[in-house]
Structures are given as C-alpha cells and as structure tokens.
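Notes for the one structure printed next.
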Amino acid sequence: MNAPSDYIPPKVWTWTAPNGGKFANTNRPTAGATHEQALPVGQHPLQLYSLGTPNGVKVTILLEELLAAGHAEAEYDAWLIRIGEGDQFGSGFTEINPNSKIPALVDHSGEKPLAVFESGSILLYLAEKFGAFIPKDSAHRTACLNWLFWQVGSAPYIGGGFGHFYAYAPEKIEYAINRFSMEAKRQLDVLDRRLAESAFIAGPNYTIADMAIFPWYGGLVEGWLYNDAATFLSVQDYPLLKTWADRLLERPAVQRGRMVNRTSGDLSSQLHERHDASDFEAKTQDRLTQKP
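Going by numbering that gives the first Met the number 0, the first residue of the sequence shown is number 0, and it counts up by one from there.
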C-alpha cells in the first residue's frame, strides 16, 4: 500500500500551474480561444477537424463505411487538429466547438454551414443524414442508441480515469489505479457478456454503436491503448470481445478509418489529412517522407 498523501484540499481551489502530466499543456480551467487561427475548408460538403484518437477514429470509420456502402455524398475532407500544439484552442475551432475537443464536423451541404460536435452526436447526425448504420425499427434503433450513449458515458472512465492514472499521471497513485482498473474491467465484462447474446453490440447488424465502441474497447483488447494495459487488465478474460474486435478490424473501411488523422505508429499507417480516396495510396507519411 502506498503511503497516505499529506495533501489537504484548500477551502477554495485555485489553478496555479499545469500539473506535470503528459497532456498538462492542453488543460486549463477556462474555455474559449487562446489565439486567432482560421480553419481550412476543402472541396467537399463535409469538413472534419480531428485527430486519430479513439474519439476521432469513430467518425472516420463511419465516413469510410458510408463511402464503401455507396453513399458518394459522404465524401469528406479531414483536417488534422494537433491537440498537443493547441490547435483546438484556435478561434476557428472554438467557433464550431466551444468545448475545444476533437472531433468536430461542419456540413456545408445546406443553406448555412452546420457545425456538429461531440463524437456521439456526429455519429448520430451522419447515420440519420444518410439513413445508414442505424436501425429503422423502433426496438433495434433504441438498442443502438442505448449502446451508443453507454459508450459516450462510459469511456471517460477508460480514458480520463484508467488511462490517465495508469499511463500518464506524473505519479502512480495506487487508489486511483485500482479504482479505475476495477471499472475498466467491469465495462469489458459488460461488453463480453453482451456479445454472448448478439453478433454485434446492438443486435444482429453492424451499427454506429459498434463504431463508437471499437476504438476504445477494441483498442484495449487489441493492445493499442495505454502501453501494456492489455496485459495489466488481463484482456484474455474477454474472448468474445476480442473476437468481435478482430472481426471489425478485417473490414477495409475500419482499416482506412484508423489511418485518417493518425500521427503515431508506422508511417505507412498515418494519413495526416484526407481529401480524396486516392490519398490512402499516395499521401501516407511513408510516401510523403520518401527522398526523391
């Protein structure tokens, strides 16, 4: 057991300096823009401003799935928002998302540009816009939304809770790691039990619920998140979840969606910006950095 902390909270909290964690420079107790920075606008009606984090990947998977399903109007420009450099605090980004979090989408197909933010809201907006990957009958639609909202409500315990204290906090706090590890494993068990009943998360068909859940919980069981978290959390205890994640990973649209706005990993898997389907073949970082 770690020695107890001698910290006593003050009567009134004040912010004096970043806390030293990995993402300390992106955190502050106030909202709003910190600098002027206009957003670029490409040729397609759908303009995505994002980064290849789990929340960003949800949206690019859906967009690639829509295109693969024949929805040509889902063509999009994906612009890179480097959150480590504070792009999310630029005036252009805060105008479309006052919360300064990726992803954010602007749909220019109507009379006026329409901004959509929060990844779950973007998934629902696009699914309804194109009439795809969301069930039409009431019972299955409700199940899909149940699991979509489960994900957006639960994942902060994985990211800001378990991931932060296990991988990123400047000091290891046993109580915090134990608390959030317990919750992470409970959530993995929820999904594994659900997949004993159903081929996909929300029922017999692949939906936006799967696309929302895959980058977070699929990422955990595939070993992509938080260093050696897969070992630490004994993800082999959730075999049905792993089988489901493997099956989704076989989908070409999922593979492409994971590449968009990605800035880590093998250079061949990084497509910093996406403006056309041909970019996957011509503009990945390994090709852009090749010497002539």
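Ideal Cβ placement from N, Cα and C applies to all residues, glycine included.
CA-to-CA, the gap between Ala229 and Ser99 works out to about 30 Å. CA-CA distance, Ala195 to Glu170, rounds to 38 Å.
Unbroken alpha helix (DSSP H) runs of no fewer than 4 residues, entirely contained in the region 148-232, are found at 173-193, 207-212, 218-221 and 228-231, following chain order. Counted as a single uninterrupted DSSP element, the alpha helix (DSSP H) harbouring Ala126 occupies residues Ser118 to Phe129.
Taking a contact as a CB-CB distance under 8 Å, the pair Ala208 and Glu63 does not count as one, their CB atoms being some 17 Å apart. In the structure shown, the three-state DSSP call for Ala16 is coil. Around the C-beta of Lys241, 16 or more other C-beta atoms lie within 10 Å, and the residue is accordingly described as buried.
Looking only at Gly69, Phe132 and Gln186, the smallest Cα-Cα distance to Leu232 is reached by Gln186.
In terms of Cβ geometry, Gly51 and Arg286 do not form a close pair [threshold 8 Å].
Boundaries around Asp285 are those of the alpha helix (DSSP H), Gln284 to Leu287, since no beta strand (DSSP E) includes it. DSSP, read as helix, strand or coil, puts Arg81 in coil. For the alpha helix (DSSP H) assignment, the uninterrupted runs of no fewer than 4 residues enclosed by the region 29-97 are, from N- to C-terminal side, 53-67 and 90-95. Under a 10 Å Cβ-count criterion, Lys57 is classified as buried, with 16 or more other Cβ atoms of the shown protein chains found around its own Cβ. In this structure Asp86 touches Gln36 by the C-beta definition: roughly 7 Å separates them, less than 8 Å.
Secondary structure at Ala276: coil, using DSSP grouped into helix, strand and coil.
Residue burial is scored here from C-beta neighbours: Tyr6 has fewer than 16 other C-beta atoms within 10 angstroms and is therefore classed as exposed.
Secondary structure of Asp106 (DSSP, three-state): strand.
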